[in-house]
Structure formats: structure tokens, C-alpha cells
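Chemist: Just dropping this structure here.
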């Protein structure tokens, strides 16, 4: 339980409340295809497989409409994934595709494309005593112009079977029937307070394990994100090019960034993990 | 010699560390400036002319006046060609 809930925490908790019932089947003139979403004003509609709809309208929470063919094992994935990111975006919060640990009152987030090793690294850092802050989606509160704050939540760690073995994490139940991942308890525990973002680290593959700061205009370039979370934010905020530039410039100016290159060879995995743990414990670039 | 002026209604810019990112408003094209080019960009204030810039740059950077002048002229031409600097 967080000692003091911020306005953003209260907003996301209130807006993520779920009820079950009838949901609209489209927000536009055309029908909504399976595994796709629509956003219109302050409303969001996602369709899973078959008759499985997730409708959100600002101020009204989420309505889940389950038909007989809905795959319930997928439901929490939709709610914790795209729906969570859409609700955050519609409420002015920025979801980014990252997993994170916390140390000394700061969040150290690791980002990269699917398969880059975000969750695996966070699980391994947990084994070294660094508590998890989030897995897969990190929500940023931009309301304070002076700093960027990370919202806690989205805690369940999901790992592929090879990552369970690699990190020595104890597996829990399967994530769903179709996703080859299991839930796992973070070995280092987790954090439930909002914390400032300390650093955003981009995971890359390289011959040697090395962490280098990203400086200057490259930070601006790195704010361009082709992940669905960025599309949801862009759709929700409807920023014109000038506002989009200002948004990206602010992120580039206020977020310390680094690249973490390391071999993807499992036999050298722990070398990279040790380097990342040392980097975080030293306060990264501070 | 006339003062050099940016066409400020045609772009927006942001400082990121010591570098500058510029976006043209008409087509969304981005530019990044660092080192000498960032220094030149910062010196263009609507009051200084080409020789004023050259003098200021000679104080900041190593190199002969001829070398710095050539770099300056190339960069000013690029700025005019991209529509960021008045003719």
C-alpha cells in the first residue's frame, strides 16, 4: 500500500475499474475487426478474439463484454496491456514500453522491442535485490513540468520459459493459453510508490556488455517510439506537430538515457546483469 | 554587410544538452546541430553580420580565420537553402 497516493495514481485506479455488460461494437461507421482497437475522443474500444470487447470512456471506467467464445485467459492481458495504456493516455499519462526496477527512490527503466530482454533483465536484477517497479508498460506522469514521475502498478512479471531458467525465477501459472509465458514473483519484491524516473536504458545487442550515456540530439531521436503505446498516446492526445515536437523535446531534455549493449548469448547473461546492477546501484549517470 | 536573421516563423527548436534540434514547420523535417554549427546558430541573433560571427567563432574555436570562414559560409548557405535564414 502506497503511503501517499498521487492524483495520477488515484486517476488510473478510478478509471481502470471494470464492470461486465454490453459494450458498443464499434466507435465508428465500420465494424471493428478482431484483435484491433479504435479511439474516438475520450473513448476507446478494443476487440479481442471473437465476441470479447473492452470499452472505456473517460469518467465511466471499463466495460468488458464477453461472448461465449471469449478467451478469458486473455482477458487480463488485454486489460493490463492495451487497455491500461489507452486509459493512461486518455487521462494525459504517457505509457512507454519498458520494464523497470527501483533503487534509492528512483526508477531505472529498460526499454526495447519485444524480445529485447526487458522482463528477463528485471527478473535477474530482482535476484540481486533490486525490486521490480513494473513489467512491460511504464506509465509516466508528466503533470509536474519540473520532473517526470513513474506510476507504480502493472506488477505481474511475465517470463518466457527460457527466461525463467536463465534467471532462476520461480514460475507461477501460465499467462494464457496462447502466450508462451508464465507469471513469476519478482525475487526482489516490488515497489508501490510513485517515484521519479532516474534513467531510461535502451537494450541492444552487442559483442561486449557495456552501458554508455546517450547525449544530445540522439535523445530526441530516441523519443520516437513505434510501439503501440506511442500510437495510443498520439491518438488520445491528438497533438499537432508543434505540440508533438515540444512533447518530445521535453522528454529528451528531462530523461537521462543510456544504451546497454550486451551479447544475447545465455552463457554471458550474468556478466551483463552484474554490469546493469552495478550501474543502477551507482545511480547510473548521476 | 547586413545582419543575419533567422526566419523564426518557419521552425521550432529545442536545446538538448549542447546540441540543438530544429523542426521545419512546413514539412516536419528535423535537423540537429552540434559543435560549430550549433555555435553559429546561437550567434545568429538578427544583429550580427557574417564578419561578426566569424570574429566570435574565432574566439571560441581553434583553426585559421580562413578555415572557420569557409565552414561558416558553407553552413550559412545550407541554412538559406533550407529556408531557415533570410536571404
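Residue numbers (my numbering), protein chains in the order written: chain B, -12 to 273; chain L, 2 to 88. Using N, Cα and C, we set each Cβ at its ideal position, and we do this for glycine too.
#1: Which residue from B:166, B:90, B:81, B:56 puts its Cα closest to that of residue 210 (chain B)?
#2: List the residues of chain L that residue 220 (chain B) touches, going by C-beta distances under 7 Å, in chain order.
#3: Cα separation between residue 58 (chain B) and residue 11 (chain L)?
#4: Check residue 246 (chain B) in the structure and name its three-state DSSP category.
#5: For a test of the three-state rule: what should DSSP assign to residue 96 (chain B), helix, strand or coil?
#6: Check whether chain L comes within 9 Å of residue 229 (chain B), counting only Cβ atoms and requiring the distance to be less than that.
#7: Exposed or buried, residue 62 (chain L), counting other C-beta atoms within 10 Å across all chains shown (16 or more means buried)?
#8: Give the list of continuous alpha helix (DSSP H) stretches no shorter than 4 residues that lie fully inside the segment 32 to 69 of chain B.
#9: What is the DSSP secondary structure of residue 62 (chain L), counted as helix, strand or coil?
#10: Short of 8 Å in beta carbon distance, which residues of its chain neighbour residue 339 (chain B), apart from the five on each side in sequence? Order them along the chain.
#11: Taking buried to mean at least 16 other C-beta atoms within 10 Å of its own C-beta, is residue 148 (chain B) buried or exposed?
#12: From B:187, B:34, B:192, B:221, pick the residue whose C-alpha is nearest to that of residue 206 (chain B); which is it?
#13: Is the Cβ-Cβ distance between residue 41 (chain L) and residue 77 (chain L) less than 9 Å?
#14: My guess is that residue 126 (chain B) and residue 138 (chain B) are in contact by the Cβ rule of under 8 Å, so how many angstroms apart are they, rounded?
#15: Sorted by chain position, which residues of the same chain lie with C-beta nearer than 8 Å to residue 23 (chain B)'s C-beta, five sequence neighbours on each side aside?
#16: Could you name the residues of the same chain whose beta carbon sits closer than 6 Å to that of residue -12 (chain B), not counting the 5 residues immediately before and after it, in chain order?
#17: Straight-line CA distance for residue -4 (chain B) to residue 181 (chain B)?
#18: For residue 88 (chain B) and residue 269 (chain B), I'd like the C-alpha separation in whole angstroms.
#19: Hey, how far is the Cα of residue 45 (chain L) from the Cα of residue 20 (chain L)?
#20: Compare the Cα-Cα distances from residue 69 (chain L) to each of L:47, L:88, L:85, L:37 and report the closest residue.
#21: Compare the Cα-Cα distances from residue 240 (chain B) to each of L:15, L:86, L:54 and report the closest residue.
#22: By the criterion of Cβ-Cβ separation under 7 Å, what are the contact partners of residue 242 (chain B) in chain L?
#23: For residue 252 (chain B), tell me which candidate among B:262, B:224, B:193 has the shortest Cα-Cα distance.
#24: Starting from residue 207 (chain B), find everything on chain L with Cβ-Cβ shorter than 9 Å and list it in chain order.
#25: Near residue 64 (chain B), what residues of its chain come up, given a Cβ to Cβ distance below 8 Å and the 5 sequence neighbours on each side ignored?
#26: Per DSSP, what are the beta-bridge partners of residue 124 (chain B) in this structure?
#27: Roughly how many whole angstroms lie between the Cα atoms of residue 172 (chain B) and residue 146 (chain B)?
#28: Can you pull the chain L residues whose beta carbon is under 8 Å from the beta carbon of residue 203 (chain B), in chain order?
#29: Closest Cβ-Cβ distance between residue -12 (chain B) and chain L: below 9 Å?
#30: Once you ignore the five residues that flank residue 25 (chain L) on each side, which residues in its own chain have a CB closer than 6 Å to its CB?
#31: How far does the alpha helix (DSSP H) with residue 36 (chain L) in it reach, from first residue to last?
#32: Is there a Cβ of chain B sitting closer than 9 Å to that of residue 80 (chain L), yes or no?
#33: Look up residue 29 (chain B) in the DSSP assignment and say whether it is helix, strand or coil.
#34: Using a threshold of 9 Å, state whether the C-beta atoms of residue 96 (chain B) and residue 86 (chain B) are closer than that.
#35: Identify which residue in B:264, B:217, B:183 has its Cα closest to the Cα of residue 197 (chain B).
#36: Could you have a look at residue -12 (chain B) and say whether DSSP puts it in helix, strand or coil?
Modeler: Here's the rundown:
#1: On the first chain, residue 210 (chain B) is found 223 positions in, with the first residue counted as 1. When each option's Cα is compared against that of residue 210 (chain B), the closest is B:81.
#2: In the first chain, the residue the question calls residue 220 (chain B) occupies position 233. Contact annotation for residue 220 (chain B) against chain L: no contact, minimum CB-CB distance about 18 Å [criterion: below 7 Å].
#3: Counting from one through the first chain, the residue named residue 58 (chain B) turns up at place 71. Counting from one through the second chain, the residue named residue 11 (chain L) turns up at place 10. Their backbone Cα atoms lie some 52 Å apart in a straight line.
#4: As a first step, residue 246 (chain B) is located in the first chain; it is residue number 259 there, counting from the start. Of the three classes helix, strand and coil, the one that applies to residue 246 (chain B) here is strand, per DSSP.
#5: Within the first chain, residue 96 (chain B) is the residue found at index 109, counting from 1. It is a strand residue.
#6: By 1-based counting over the first chain, the position of residue 229 (chain B) is 242. Chain L, which has a Cβ nearer than 9 Å to the Cβ of residue 229 (chain B), makes this yes.
#7: Along the second chain, read from residue 1 onward, the residue named residue 62 (chain L) stands at position 61. Residue 62 (chain L) is exposed by the Cβ-count criterion.
#8: DSSP runs (the alpha helix (DSSP H)) wholly in the segment 32 to 69 of chain B: 62 to 65.
#9: Along the second chain, one-based indexing puts residue 62 (chain L) at 61. Here residue 62 (chain L) sits in coil by DSSP.
#10: In the structure displayed, chain B extends from -12 to 273; residue 339 (chain B) sits before or after that span and is not available.
#11: Mapped onto the first chain, residue 148 (chain B) falls at position 161. That one is exposed.
#12: Here residue 206 (chain B) is taken as the residue at index 219 of the first chain, counted from 1. Checked all of B:187, B:34, B:192, B:221; the closest Cα to residue 206 (chain B) is B:187.
#13: Against the second chain, residue 41 (chain L) aligns to sequence position 40. Against the second chain, residue 77 (chain L) aligns to sequence position 76. Yes.
#14: The residue given as residue 126 (chain B) occupies position 139 in the first chain. The residue given as residue 138 (chain B) occupies position 151 in the first chain. That belief holds up - the Cβ atoms of residue 126 (chain B) and residue 138 (chain B) are roughly 4 Å apart, short of 8 Å.
#15: Taking the first chain and counting its residues from 1, the one referred to as residue 23 (chain B) is at position 36. Answer for residue 23 (chain B): 33, 34, listed in chain order.
#16: The sequence position of residue -12 (chain B) within the first chain is 1, counting from 1. Because the pLDDT of residue -12 (chain B) is 47, which lies under 50, any placement of that residue in the model is unreliable, and the number read from its coordinates should be weighed accordingly. Answer for residue -12 (chain B): no residue qualifies.
#17: Along the first chain, read from residue 1 onward, the residue named residue -4 (chain B) stands at position 9. Along the first chain, read from residue 1 onward, the residue named residue 181 (chain B) stands at position 194. The straight-line gap from Cα to Cα measures roughly 8 Å.
#18: Mapped onto the first chain, residue 88 (chain B) falls at position 101. Mapped onto the first chain, residue 269 (chain B) falls at position 282. Each residue's Cα considered, the two are about 14 Å apart.
#19: Here the question's residue 45 (chain L) lines up with position 44 in the second chain. Here the question's residue 20 (chain L) lines up with position 19 in the second chain. So the two alpha carbons sit approximately 15 Å from each other.
#20: Position 68 of the second chain, counting from 1, holds the residue named residue 69 (chain L). Selected option, being the one with the closest Cα: L:37.
#21: For this step, residue 240 (chain B) is matched to residue 253 along the first chain. When each option's Cα is compared against that of residue 240 (chain B), the closest is L:15.
#22: For the purposes of this step, residue 242 (chain B) is taken as the residue at position 255 of the first chain. Chain L residues near residue 242 (chain B): none, gap ~11 Å exceeds 7 Å.
#23: Along the first chain, read from residue 1 onward, the residue named residue 252 (chain B) stands at position 265. Here the closest residue by C-alpha is B:193.
#24: Counted from its first residue, the first chain places residue 207 (chain B) at position 220. 15, 17, 20, 22, 31, 33, listed in chain order.
#25: Looking up residue 64 (chain B) in the first chain gives position 77. So the list reads 162, 163, 166, once near-sequence residues are dropped.
#26: Stepping through the first chain from its first residue, residue 124 (chain B) is reached at position 137. DSSP, once it has assigned bridges, lists B:84 as partnering residue 124 (chain B).
#27: Locating residue 172 (chain B) in the first chain gives position 185, counting from the first residue. Locating residue 146 (chain B) in the first chain gives position 159, counting from the first residue. Straight-line Cα distance between these residues: approximately 10 Å.
#28: For the purposes of this step, residue 203 (chain B) is taken as residue 216 along the first chain, with counting starting at 1. Those within 8 Å of residue 203 (chain B) in chain L are 17, 18, 19, 20, 33, 35.
#29: In the first chain, the residue the question calls residue -12 (chain B) occupies position 1. Because the pLDDT of residue -12 (chain B) is 47, which lies under 50, any placement of that residue in the model is unreliable, and the number read from its coordinates should be weighed accordingly. It does not; no Cβ of chain L falls within 9 Å.
#30: Against the second chain, residue 25 (chain L) aligns to sequence position 24. These residues qualify, in order along the chain: 12.
#31: Residue 36 (chain L) sits at position 35 when you count from the first residue of the second chain. From DSSP, the alpha helix (DSSP H) with residue 36 (chain L) extends over 36 to 44.
#32: Here residue 80 (chain L) is taken as the residue at index 79 of the second chain, counted from 1. At least 9 Å separates the CB of residue 80 (chain L) from every CB of chain B.
#33: Taking the first residue of the first chain as 1, we reach residue 29 (chain B) at position 42. Coil at residue 29 (chain B), not helix or strand.
#34: For the purposes of this step, residue 96 (chain B) is identified with residue 109 of the first chain, where counting begins at 1. For the purposes of this step, residue 86 (chain B) is identified with residue 99 of the first chain, where counting begins at 1. In contact: residue 96 (chain B) and residue 86 (chain B) (Cβ atoms closer than 9 Å).
#35: Taking the first chain and counting its residues from 1, the one referred to as residue 197 (chain B) is at position 210. Answer by Cα proximity: B:264.
#36: For this step, residue -12 (chain B) is matched to residue 1 along the first chain. Confidence is the limiting factor: at residue -12 (chain B) the pLDDT is only 47, short of 50, which leaves the residue's position unreliable and the question unanswerable from this model.
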